[in-house]
Ligand code: DX5
Ligand code: ZN
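Numbering (my numbering), first residue to last: 63 to 278.
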């Protein structure tokens with residue numbers, strides 16, 4: 063079954079309550095929340111107080127994607143704010159294994175994201191400790207970018223690497239996902255589709271979520 067995680071980055075920030083209601087009442091599986099610090103990525107999105115409010119409204123798990131330097135410093139605060147799944151970028155962690163232990167010890171599910179230039183093999187020695195891996199299909203920092211086709215091959219490689227572990231580790235893909243490129247990603251082995259613009263800029267977001275869910 064394909065999971066769908068709408069990214070609220072593309073929602074109307076003046077009406078986040080409506081976006082939460084839409085996700086709650088739709089067939090979507092998780093809330094995807096993008097946190098940017100203006101250092102690791104050249105953009106700033108929103109922070110902890112906003113997550114706290116979203117958490118109050120959300121009836122589904124919050125998948126929090128940290129695009130920030132030194133994520134370990136704020137990991138406890140994100141846990142307290144309501145993150146159910148916490149994603150850190152491999153590129154920002156000098157002691158990734160201990161970051162993952164920290165996330166787990168605070169009761170969250172750990173995940174690691176890799177940028178388009180980072181090979182999937184770099185996750186080999188951490189894979190079995192993860193709930194999911196996130197393969198970025200655009201450069202992190204902005205919504206509404208063009209999907210990088212090369213990512214499809216990375217998803218296939220990652221699927222094969224996970225198969226060899228014998229464990230159930232999900233593959234999430236994020237950035238530029240559309241109804242047109244999603245089938246190839248699912249076929250390559252993606253389990254979770256993150257989509258911002260495709261959902262929130264569509265005429266009928268609930269219907270778009272349903273169409274993404276139907277891709278299997
Ligand atoms: C990009 C973020 C994505 C983004 C996706 O840095 O991680 O989650 O919001 O937006 P779309 O689907 O518009 O590319
Ligand atoms: Zn994201």
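For each residue, glycine too, the CB sits at the ideal point set by N, CA and C.
Proximity to residue 67 across 153, 242, 86 peaks at 86, based on C-alpha coordinates. Beyond the five residues adjoining it in sequence on each side, residue 90 comes within less than 6 Å, by CB distance, of 66, 68, 271 in the same chain, given in chain order.
Between residue 165 and residue 137, the C-beta gap is smaller than 8 Å, which places the two residues in contact. Scanning the stretch 85 to 160 for uninterrupted beta strand (DSSP E) segments of 3 residues or longer gives 93 to 98, 124 to 129, 147 to 151, listed from N- to C-terminal end. Of the candidates 144, 194, 268, 194 places its Cα closest to the Cα of residue 251. The nearest non-hydrogen atom of the ligand ZN is 7 Å or more from the C-beta of residue 187. Within the stretch 163 to 235, the alpha helix (DSSP H) runs of at least 4 residues that lie entirely inside it are, in chain order, 213 to 227.
In this structure, the alpha-carbon of residue 141 lies about 31 Å from that of residue 208. CA-to-CA, the gap between residue 275 and residue 153 works out to about 30 Å.
Ranking 176, 190, 225 by CA distance to the CA of residue 201 puts 176 first. The C-alpha of residue 277 lies about 34 Å from the C-alpha of residue 168. Scanning the stretch 229 to 278 for uninterrupted beta strand (DSSP E) segments of 3 residues or longer gives 232 to 236, 254 to 257, listed from N- to C-terminal end. The Cβ atoms of residue 162 and residue 127 do not sit closer than 8 Å to each other. Secondary structure at residue 73: coil, using DSSP grouped into helix, strand and coil. Only residues of its own chain outside the window of five on either side were considered, and among them 72, 205, 206 have a CB closer than 7 Å to the CB of residue 259, listed in chain order. By the neighbour-count definition (other C-beta atoms within 10 Å, threshold 16), residue 151 is a buried residue. With a threshold of 7 Å, the Cβ atom of residue 94 counts as near the ligand ZN, since some heavy atom of the ligand is closer than that. Checking the 7 Å criterion, the Cβ of residue 160 is out of range of every heavy atom belonging to the ligand ZN.
Using a 10 angstroms sphere on the CB of residue 76, the tally of other CB atoms stays under 16, which defines it as exposed.
Relative to the non-hydrogen atoms of the ligand DX5, the Cβ of residue 204 comes within a distance shorter than 7 Å of at least one. A distance criterion of 7 Å places the beta-carbon of residue 170 beyond contact range of the ligand DX5, judged by its closest non-hydrogen atom. In this structure, the CA atom of residue 225 is about 26 Å from the CA atom of residue 124.
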